[in-house]
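All residue numbers for the sequence shown refer to my numbering, where the first residue is 298 and numbers rise by one.
Below is one structure; the comments refer to it alone.
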Amino acid sequence: MSTELPELGVAVVGHSFMGAVHSHAWRTVDHVGSPRFRTRRLVLAGRDAGRAQAAAAQFGWEEGVDDWRPLLERDDVHVVDILTPGDSHAEIAIAALEAGKHVICEKPLAKTVEEAQRMTQAAQAASARGVRSMVAFNYRKVPAIGLARQLVEAGRLGEVRQVRAVYLQDWIVDPEFPLTWRLQKDRSGAGALGDIGSHIIDAAQFITGQRLTGVSGAVETFVKTRPLEAARTGQNTGLGAEASTERGEVTVDDAAVFFGRGDGGALMTFEATRMALGRKNGMRIEVNGSRGSIAFDFESMNELHFFDGTLPDAENGFRRILATEPEHPGVSNWWPAGHGLGYDHPFVHELQEFLGAIADERDPSPSFADGLQVQQVLEAVQRSADNQSVYTSI
Ligand code: SOE
298 MSTELPELGV AVVGHSFMGA VHSHAWRTVD HVGSPRFRTR RLVLAGRDAG RAQAAAAQFG
358 WEEGVDDWRP LLERDDVHVV DILTPGDSHA EIAIAALEAG KHVICEKPLA KTVEEAQRMT
418 QAAQAASARG VRSMVAFNYR KVPAIGLARQ LVEAGRLGEV RQVRAVYLQD WIVDPEFPLT
478 WRLQKDRSGA GALGDIGSHI IDAAQFITGQ RLTGVSGAVE TFVKTRPLEA ARTGQNTGLG
538 AEASTERGEV TVDDAAVFFG RGDGGALMTF EATRMALGRK NGMRIEVNGS RGSIAFDFES
598 MNELHFFDGT LPDAENGFRR ILATEPEHPG VSNWWPAGHG LGYDHPFVHE LQEFLGAIAD
658 ERDPSPSFAD GLQVQQVLEA VQRSADNQSV YTSI
């Protein structure tokens with residue numbers, strides 16, 4: 298690897314599941330494709346010194362600390378990667394941008410539209426000073442989803458008329474699963490709607506190029522109380538936690554269903570649930586146009602199914618495209634055709650976009666403004682659900 302690349306010092310805040318995945322991507326991004334920097338994994342910040350130091354050692358960061366604030370005064374830290382629960386995204390991102398640090402922040406951007414607006418204002422002010430920011434909608438960087446967008450842009454689907462997007466998980470079906478931060482509104486802002494609904498809203502808009510202009514929705518919390526989370530001791534890179542004997546109220550949705558209209562006329566339906574028993578990470582999108590359709594299921598993430606409506610019916614049907622050719626978005630970084638990618642690879646692709654934007658002195662995509670627009674959709678769904686599912690403009 299070239300040694301004359303400029304060094305870029307990175308700090309990460311948060312070290313659970315996304316901490317593990319982003320650390321993997323930071324360890325890898327200098328060693329695939331055409332790196333623009335020599336990145337240094339300088340410091341991992343958590344809330345507990347011992348656990349942060351253990352996570353830093355496990356994930357390959359030079360040190361682990363229990364406070365993110367001093368990082369912003371370090372001249373060797375150029376990038377801050379925010380992987381904390383949603384209740385701290387705004388505070389950390391705005392402070393980091395104002396300190397001149399480039400920021401990548403996990404989705405959803407914030408807990409509320411108001412926070413997302415302040416973050417976007419800070420990002421736009423920082424951009425004028427050459428400081429870059431990005432929201433981490435990782436599924437945009439799945440090659441099959443990039444191919445779906447290319448097919449729409451090339452007119453292969455014709456006029457896009459309908460989208461049906463679902464994100465099906467089942468990790469909290471057990472009523473004894475503890476009340477972790479994703480199940481607390483003051484920590485996360487929303488439940489399945491924000492956590493996984495944000496992904497399918499962004500992906501549907503990314504593939505079709507249409508933005509939702511209004512929605513009608515309903516939400517449900519099936520399990521009303523859960524055991525409180527016991528004090529964390531070891532490193533936790535999953536979604537689970539130890540349960541205490543006390544119980545607390547679940548303050549977010551377990552499931553959300555909603556529909557809306559795109560600004561190009563498409564009718565879109567969405568379902569985000571953590572109660573689809575048997576579905577583990579079933580993010581599925583189908584787009585129907587006047588000339589063709591595509592269908593994607595993340596649990597078969599290297600495949601895109603395409604129906605070409607211009608072919609005679611007698612010989613027609615959805616055909617399976619293995620999105621592992623070097624010309625498919627992101628694939629040329631990796632293996633020969635057919636060898637497949639996994640959940641972690643798109644996180645490397647999004648770091649390549651982020652670092653490429655920094656090097657090219659441009660704003661990366663998706664921007665905080667894109668994250669704000671998704672937050673506005675989320676808030677409109679919640680307003681609709683709180684008001685007998687009335688159709689609500691965005
Ligand atoms: C939990 O629902 C979760 O980890 C999400 O937070 C991630 O964004 C998604 O990629 C997998 O599931």
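Ideal Cβ positions, reconstructed from N, Cα and C, are used throughout, including at glycine.
Quick caveat: nothing in here was measured; it's all calculated off a predicted structure.
- The continuous stretches of alpha helix (DSSP H) do not include Thr570, which lies in the beta strand (DSSP E) extending over residues 564-570.
- Less than 9 Å divides the Cβ of Val460 from the Cβ of Ile504.
- Pairwise C-beta distances place the region 417-433 out of contact with the region 348-361, as fewer than three of them are shorter than 8 Å.
- Bounds of the alpha helix (DSSP H) holding Gly316 are 314-325.
- The Cβ neighbour count for Thr607, taken over all protein chains shown within 10 Å, is under 16; the residue is labelled exposed.
- Taking every protein chain shown into account, the CB of Leu669 has 16 or more other CB atoms within 10 angstroms, so this residue is buried.
- The C-alpha of Val457 lies about 45 Å from the C-alpha of Leu369.
- Contact check for Asp483 and Asp641: beta-carbon distance about 30 Å, past the 8 Å limit, so the pair fails to qualify.
- Two segments are said to touch when three or more pairs of C-beta atoms, one from each, lie closer than 8 Å; by this definition the region 627-639 does not touch the region 608-618.
- The criterion of a C-beta distance shorter than 9 Å is satisfied by Val307 and Arg337.
- Apart from sequence neighbours up to five positions away, the residues of its chain that approach Glu596 with a beta-carbon distance below 6 Å are Gly579, ordered along the chain.
- Beta bridge pairing from DSSP links Thr336 with Leu305.
- In the three-state reduction of the DSSP assignment, Ile504 falls in the helix class.
- Note: Ile591 is bridge-paired with Val584, Phe603 in the DSSP secondary-structure output.
- With respect to Val547, Thr530 sits apart: the two C-beta atoms are not nearer than 9 Å.
- Minimum Cα-Cα distance from Arg344 among the listed residues Val376, Thr381, Ser541, Trp323 corresponds to Thr381.
- Judged by DSSP in its simplified three-state form, Thr417 adopts helix.
- DSSP assignment within the region 436-519 yields the following whole alpha helix (DSSP H) runs of 4 residues or more, N-terminal first: 440-450, 482-485, 489-492, 494-505.
- Per the DSSP secondary-structure output, Pro524 pairs in a beta bridge with Arg544.
- For Ile504, the Cβ stays outside the 8 Å cut-off from all heavy atoms of the ligand SOE.
- Per DSSP, reduced to three states, the secondary structure at Ile691 is coil, with no helix or strand assignment.
- Secondary structure in the region 344-402: the alpha helix (DSSP H) runs of 4 residues or longer, each lying completely within the stretch, are 346-356, 386-395 in chain order.
- Taking Phe604 as reference, the option from Met598, Asp594, Ser590, Asp610 with the minimal CA-CA separation is Ser590.
- Counted as a single uninterrupted DSSP element, the stretch harbouring Phe434 is not any beta strand (DSSP E), since DSSP gives it neither H nor E.
- Judged by DSSP secondary structure, Arg617 falls within the beta strand (DSSP E) whose first and last residues are 616-619.
- Selection Gln649, Tyr688, Ala654, Ser686 evaluated against Gly330 yields Gln649 as nearest (Cα-Cα).
- The beta carbon of Asp499 sits closer than 6 Å to those of Phe434, Val671, all from its chain and outside the five residues before and after it, given in chain order.
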